[in-house]
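In the numbering used here, the protein residues as written are 912 to 968.
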């Protein structure tokens, strides 16, 4: 699956579970599943793309 498709599916998950920060929509508040992927409690949407790319190499 291409990186763009993976990123789109993660965004769908983030929106469905209301994980965007209320004050700064560019930040993602990770739930337990995303913490495993990101290794952090909060990431920016730009950082998320980079972290996803690291898993797809």
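We put the CB at the ideal spot given by N, CA and C, even for glycine.
What you are looking at is a predicted structure, and each value in this text was computed from that prediction instead of being measured.
When we look at the beta-carbon of residue i and count the other beta-carbons within 10 Å, is it buried (16 or more) or exposed?
i, result
"residue 945", "buried"
"residue 912", "exposed"
"residue 959", "buried"
Measuring CA to CA, which of the options is closest to residue i?
i, options, result
"residue 953", "966, 937, 964", "937"
"residue 925", "916, 940, 966, 934", "940"
"residue 932", "955, 947, 915", "955"
"residue 948", "922, 963, 934", "963"
For the alpha helix (DSSP H) containing residue i, list its first residue and its last residue.
i, result
"residue 938", "Segment 938 to 940 is the beta strand (DSSP E) holding residue 938; no alpha helix (DSSP H) there."
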